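Engineer:
Residue numbers (my numbering), protein chains in the order written: chain A, 1 to 77; chain B, 1001 to 1131.
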């Protein structure tokens, strides 16, 4: 195959970040060391099923120009 | 070994938490909320009505007609939307999404933005009234 190689993006964080940028949102990956939001618990426990929910942290995206500050991506364990 | 580790490994289902910074635990019972909907049809599903249930914030959210009409479209893809106050932030999220459906639509982004705006305003009003 000649020219630039094409490949399928499999990193969900990059897929979601590109999706946000396509919608015109100023977003970039947040520094994980500075954030408390990436530390569990991720749920208050008010809603049924959230108390014993096992999740993995996938990182956060910092957003500018919106009412919310970050988008935190979690994966079901 | 972490207590969150599962023997079968992580599943390909994701959740995006839209984070509003602030101590949610202080006003937790007033901020907690979730959507409820009345639907029609199965294959061609249509949402007839949407309303919020939960703490005092629902009176503000239920009065927003623009948000309501937006949610009638958005909840078809997002399922339910929850406002969940935790220790260091307020999390706004929907149900679990499979890997192929993680991308968000413009309407959904606008809906989350509007909800986050209501949460921020409600929190600032509560803080002022507390002082």
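Glycine is no exception: its CB is placed at the ideal position from the N, C-alpha and C atoms. Predicted, not measured: the structure shown is a model, and the values here were computed from it.
Check whether the Cβ of residue 1119 of chain B lies closer than 9 Å to any Cβ atom in chain A.
Structural biologist: yes
Engineer: Can you give me the Cβ contacts of residue 1032 of chain B inside the same chain, cut-off strictly under 7 Å, excluding the 5 residues immediately before and after it?
Structural biologist: Cβ neighbours of residue 1032 of chain B beyond the five flanking positions: 1054, 1055, 1083, 1084, 1085.
Engineer: Whose CA, out of B:1094, B:1119, B:1129, B:1105, lies closest to the CA of residue 1035 of chain B?
Structural biologist: B:1094
Engineer: With 9 Å as the threshold, decide whether the Cβ of residue 1086 of chain B is near any Cβ in chain A.
Structural biologist: yes
Engineer: Please confirm if residue 41 of chain A has its CB atom under 9 Å from at least one CB of chain B.
Structural biologist: yes
Engineer: Under the three-state reduction of DSSP, which class applies to residue 1001 of chain B: helix, strand or coil?
Structural biologist: Confidence at residue 1001 of chain B is low in this model, with a pLDDT of 43, below 50, so the placement of that residue should be treated as unreliable; the coordinate-derived value is given next. Here residue 1001 of chain B sits in coil by DSSP.
Engineer: Where does residue 72 of chain A land, buried or exposed, given buried means 16+ other C-beta within 10 angstroms?
Structural biologist: buried
Engineer: For residue 5 of chain A, does the count of other Cβ atoms within 10 angstroms reach 16, so buried, or fall short, so exposed?
Structural biologist: By the beta-carbon neighbour count (other beta carbons within 10 angstroms, threshold 16), residue 5 of chain A is exposed.
Engineer: Could you give the residue range of the beta strand (DSSP E) that holds residue 1053 of chain B?
Structural biologist: 1046 to 1054
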